[in-house]
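Quick notes on the structure that follows.
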Amino acid sequence: MEVNVRLFGDLREGRFEQQKTQLEENSRVIDLINKHQLPLEKVAVCFVNNHSVEFGQPLQNGDTVAFSPPIGGM
1 MEVNVRLFGD LREGRFEQQK TQLEENSRVI DLINKHQLPL EKVAVCFVNN HSVEFGQPLQ
61 NGDTVAFSPP IGGM
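So in the numbering used here, spot 42 of the sequence shown is number 42, and the numbers just go up one at a time.
Here's what the structure looks like:
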């Protein structure tokens, strides 16, 4: 399946701002984090299709997943 990934803030450093990523069926947000080697301590917020989710959230083909580091008082 294919999902669209968006990175914000420091998570972009040495990576990308937005890209499409291929994943196996039944993948979860944590699988996407691991695939892109994002440091868990720097991922403060995760959104799937503009809804805040936990790392165990299952993904579906065509989802848009956004990761953000801590900002301000987060």
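By construction, the Cβ of each residue, glycine as well, lies at the ideal position given by its N, Cα and C atoms.
Going by the CB atoms, is the gap between residue j and residue i shorter than 9 Å?
i      : j      : result
Val-3  : Asn-61 : yes
Val-48 : Gln-57 : yes
Phe-67 : Leu-38 : yes
Using a 10 Å radius around the Cβ and a threshold of 16 neighbouring Cβ atoms, would you call residue i buried or exposed?
i      : result
Asn-69 : For clarity, residue 69 is Pro in the given sequence; the question names Asn instead. Under this definition Pro-69 is a buried residue.
Ser-52 : exposed
Phe-16 : exposed
Leu-7  : buried
Leu-40 : exposed
Which residues does DSSP list as the beta-bridge partners of residue i?
i      : result
Val-48 : His-51, Val-65
Pop quiz: residue i and residue j are said to be a contact at Cβ under 8 Å. What is the actual Cβ separation, rounded to whole angstroms?
i     : j      : result
Gly-9 : Ile-71 : 7 Å
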